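Everything on this sheet refers to the single structure shown next.
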Amino acid sequence: MSHSHILVTGGSGFLANSIITTLLSRGHTVTTTVRSAAKATALQSQHPSINIKIVPDMSQLSAFDAAVTNHTPPLTAVIHTASPFHYSITNIKTDMLDPAVNGTVGILQSIHKFAPSVNRVVITSSFAAMSNPLKPAGEKYSEKDWNPVTWATAEQPENALSQAGYRTSKALAEKEAWKFMEDEKPRFSLTVLNPSLIFGPVSPALSSLEEVNTSNQRIRDLVSGKFRERCPPTGSQFWVDVRDAAMAHVVAVEKTGDEVEGKRFFLTAGNFCNADIVQVLGEAFPEVKDGLPQGEALREGRFPEGGPKYGFDNEASVQGLGVVYRSLMESVVDTVRSLRVVEGRQ
Ligand code: NAP
Numbered sequence: 001m002s003h004s005h006i007l008v009t010g011g012s013g014f015l016a017n018s019i020i021t022t023l024l025s026r027g028h029t030v031t032t033t034v035r036s037a038a039k040a041t042a043l044q045s046q047h048p049s050i051n052i053k054i055v056p057d058m059s060q061l062s063a064f065d066a067a068v069t070n071h072t073p074p075l076t077a078v079i080h081t082a083s084p085f086h087y088s089i090t091n092i093k094t095d096m097l098d099p100a101v102n103g104t105v106g107i108l109q110s111i112h113k114f115a116p117s118v119n120r121v122v123i124t125s126s127f128a129a130m131s132n133p134l135k136p137a138g139e140k141y142s143e144k145d146w147n148p149v150t151w152a153t154a155e156q157p158e159n160a161l162s163q164a165g166y167r168t169s170k171a172l173a174e175k176e177a178w179k180f181m182e183d184e185k186p187r188f189s190l191t192v193l194n195p196s197l198i199f200g201p202v203s204p205a206l207s208s209l210e211e212v213n214t215s216n217q218r219i220r221d222l223v224s225g226k227f228r229e230r231c232p233p234t235g236s237q238f239w240v241d242v243r244d245a246a247m248a249h250v251v252a253v254e255k256t257g258d259e260v261e262g263k264r265f266f267l268t269a270g271n272f273c274n275a276d277i278v279q280v281l282g283e284a285f286p287e288v289k290d291g292l293p294q295g296e297a298l299r300e301g302r303f304p305e306g307g308p309k310y311g312f313d314n315e316a317s318v319q320g321l322g323v324v325y326r327s328l329m330e331s332v333v334d335t336v337r338s339l340r341v342v343e344g345r346q
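full-length UniProt numbering applies: residue 1 is where the sequence shown begins, and numbers increase by one.
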């Protein structure tokens, strides 16, 4: 496709950084949004050619109105990645639902009203919007699956706290995005990507290991020896490398036609458990082996007897977006190398 001008929201984030790098490498013009001037300065030094706009609070539905207007060349596509991803939730509404849902609906409204040149929108949803506690073990996950949470059940404790609260925010944000498309029938088309847990190199712009994004924290913490006495349970047993997820986002804005427009895609390289990460770390970085959990300390990080709880079908992402998934070995090794670059500067 010809080169485009693409707005990426949440440019200071882990995934967005990889998306911006990929877009630039393919010759696109990039504008991004961040929440503060300090984040803009750090990001600009890493990517001198991009335009950066400050959007302090995307809980306001009109937050992106200015960010989508007055661009030269005009914007042709938007990739909306910004959304809170952490598990320390004290108020599901203000911490999670307002920024996740209003940020998503708000940017769709802003584009609809003020950015007639935009013809493609890609939203980063998540496996969190697919995960269904009622799904029988042994079945395969694919983009046909939906998290059953609704507005009526969102504030129940089992949906509103910790990981569940994050999952609820992603599920309701994606449901509202598809509802917007149905109700408003805008001139742009929508593609939604549903990555599983993302590992992979962190931005070299990070100033400390404290800032490592949520999904890479388990790798950081295994390497530091924090889990020597007890490996935590894996949680959802699917993963994807950030560079593969980023490429999927870029192909999703570049490609036209029914294969991608109006579709959602599950992004996963496959199953993993925390014990697999431990094994990679032990093999590739023998110097950290003493700090890794072993024997009984590794028990909760293993697959249950019989293997992964669910299978997966990632064929749509392979066929429709051309994703070539990296191995866990490559992803974990490159993650650790990137963490060492950050550590070296602390
Ligand atoms: P991240 O590094 O924490 O990035 C999140 C981005 O969202 C950051 O730019 C952050 O801005 C922004 N953000 C968070 N809360 C915000 C708020 N209230 N208002 C405005 N901006 C806000 O996490 P990530 O892993 O890159 O996540 C990016 C996207 O991928 C999210 O939509 C996430 O749900 C999705 N995802 C991630 C994974 C994963 O395993 N990492 C898996 C599936 C889906 P600041 O930099 O200012 O905090």
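Virtual Cβ for every residue (Gly too), placed ideally from N, Cα, C. These figures come from a predicted structure and were not determined experimentally.
- request: Give me every residue whose Cβ sits closer than 5 Å to any heavy atom of ligand 1, in chain order.
  value: Chain-ordered list of matching residues: GLY10, SER12, GLY13, PHE14, LEU15, ARG35, MET58, THR81, ALA82, SER83, PRO84, PHE85, PRO99, THR124, SER126, PRO195, LEU197, ILE198, ASN213, SER215.
- request: Go through its chain and collect everything with a Cβ distance to VAL332's Cβ below 8 Å, but skip five positions before and after it.
  value: PHE199, ILE219, ILE277, VAL280, LEU281, ALA284
- request: Determine contact between the segment 254-272 and the segment 180-196, defined as no fewer than three beta-carbon pairs at a distance below 8 Å.
  value: yes
task: Classify SER189 as helix, strand or coil using the three-state DSSP reduction.
output: strand
message: According to DSSP, simplified to helix, strand and coil, what is PHE180?
response: helix
field: Opposing strand residues paired with TRP239 [DSSP bridges]
entry: LEU197, GLY270
- request: My understanding is that ASP313 touches LYS170, with C-beta atoms under 8 Å, so please give their C-beta distance in whole angstroms.
  value: That pair is no contact at about 20 Å.
field: Nearest candidate by alpha-carbon position, reference ILE52, set PHE265, ALA63, PRO99, SER36
entry: SER36
message: Assuming LEU75 and VAL118 are in contact, meaning their beta carbons sit under 8 Å apart, how far apart are those beta carbons, in whole angstroms?
response: 5 Å
- request: Could you pull the start and end residues of the alpha helix (DSSP H) that LEU108 belongs to?
  value: 103-114
field: Identity of the residue in ALA248, VAL149, GLU174 nearest ALA164 by Cα
entry: Residue VAL149 is the option with its Cα nearest to ALA164.
query: So what's ALA63 in DSSP terms, helix, strand or just coil?
result: Three-state DSSP puts ALA63 in coil, outside helix and strand.
message: Based on DSSP bridge pairs, tell me the residues matched to THR32.
response: THR32 is bridged to VAL8, ILE52.
- prompt: What number of angstroms, rounded off, separates the C-alpha of ARG345 from the C-alpha of VAL34?
  reply: 23 Å
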